[in-house]
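Residue numbers (the numbering used here): 1030 to 1157.
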C-alpha cells in the first residue's frame, strides 16, 4: 500500500484532535499516552525529557500553561513508507503577533499501526 500526503495529513489532523482533547481536560497522563516509550520532549535551550516518566512530569507543567496564541501549520511530510510523519507549526501570540514560537514533531508508526510522538521539540520563550 502506498502512503500519501493525504494519509500523513489525516494522521496529523487526528493527532491534533486528540492532543486538543487532552489539553482541554488538562489530562497530562492522556497527553503522555500519545508518546512512544523511547520518545524525547525538548524545550529548546531550556530542558529535555526522555521517556514516558520524565515526559509526564513536563506535561503536567505544560498543560497548565496559558495558551494565549494561535497555531499556524507550516508543513507536514513523511518518510517513503509512512513509518515517520514530520510536522512543523508556528505559534503567534493572540494580542501581540510579533511574539512567536514554533514546534516540530516526529510521529512514529508502531507495529499496531498507531502513530505515537517520537520526537517533540518546541520554542515558546518569546510567548511568555
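Don't be surprised by glycine CBs; every beta carbon is placed ideally from N, CA and C. Predicted model, so just to flag it, every value in this text is computed and none were measured.
Contact set for residue 1135: own chain, Cβ-Cβ below 6 Å, skip 5 residues either direction: Here residue 1135 refers to the residue found at position 106 of the chain shown. Within the same chain, residue 1135 has close Cβ partners 1113, 1115, 1147, 1148.
6 Å CB neighbourhood of residue 1111 in its chain, flanking five on each side removed: Numbered from 1 along the chain shown, position 82 holds the residue referred to as residue 1111. Correct list, in chain order: 1032.
Could you tell me the distance, in whole angstroms, from the CA atom of residue 1071 to the CA atom of residue 1082? Reading the chain shown from its first residue, position 42 is the one you call residue 1071. Reading the chain shown from its first residue, position 53 is the one you call residue 1082. If I take the Cα positions, the gap works out to 14 Å.
Closest to residue 1117 by C-alpha separation, out of 1123, 1124, 1106, 1127, would be which residue? As a first step, residue 1117 is located in the chain shown; it is residue number 88 there, counting from the start. Considering only alpha carbons, the answer is 1106.
Considering only their Cβ atoms, is the gap separating residue 1050 from residue 1085 smaller than 8 Å? Mapped onto the chain shown, residue 1085 falls at position 56. Mapped onto the chain shown, residue 1050 falls at position 21. The answer is no: Cβ separation not under 8 Å.
From residue 1074 to residue 1152, what distance separates their C-alpha atoms? Start at 1 with the first residue of the chain shown, and residue 1074 comes out as number 45. Start at 1 with the first residue of the chain shown, and residue 1152 comes out as number 123. When rounded, the distance between both Cα atoms is 8 Å.
Leaving aside the five residues before and after residue 1037 along the sequence, list all residues of the same chain whose C-beta is less than 8 Å from its C-beta, in chain order. Position 8 of the chain shown, counted from the first residue, corresponds to residue 1037. Cβ within range, chain order: 1105, 1106, 1107, 1111, 1114.
Are residue 1129 and residue 1120 closer than 8 Å when you measure CB to CB? As a working mapping, residue 1129 is identified with position 100 in the chain shown. As a working mapping, residue 1120 is identified with position 91 in the chain shown. Result yes, Cβ atoms of residue 1129 and residue 1120 sit closer than 8 Å.
Please state whether the Cβ-Cβ distance between residue 1098 and residue 1156 is less than 8 Å. By one-based count along the chain shown, residue 1098 stands at place 69. By one-based count along the chain shown, residue 1156 stands at place 127. In contact: residue 1098 and residue 1156 (Cβ atoms closer than 8 Å).
Jot down the residue ranges of each uninterrupted beta strand (DSSP E) in the segment 1086–1141, minimum 3 residues, whole runs only, in chain order. Segments of the beta strand (DSSP E) lying fully in the segment 1086–1141: 1098–1107, 1113–1122, 1129–1138.
Can you give the Cα-Cα distance for residue 1122 and residue 1102, rounded to whole angstroms? On the chain shown, position 93 is the one that residue 1122 refers to. On the chain shown, position 73 is the one that residue 1102 refers to. Roughly 15 Å separates the two Cα atoms.
Do you know whose CA, among 1127, 1092, 1138, lies nearest residue 1109's CA? Numbered from its first residue, the chain shown carries residue 1109 at position 80. Of all alpha-carbon atoms in 1127, 1092, 1138, the one lying nearest the alpha-carbon of residue 1109 is that of 1138.
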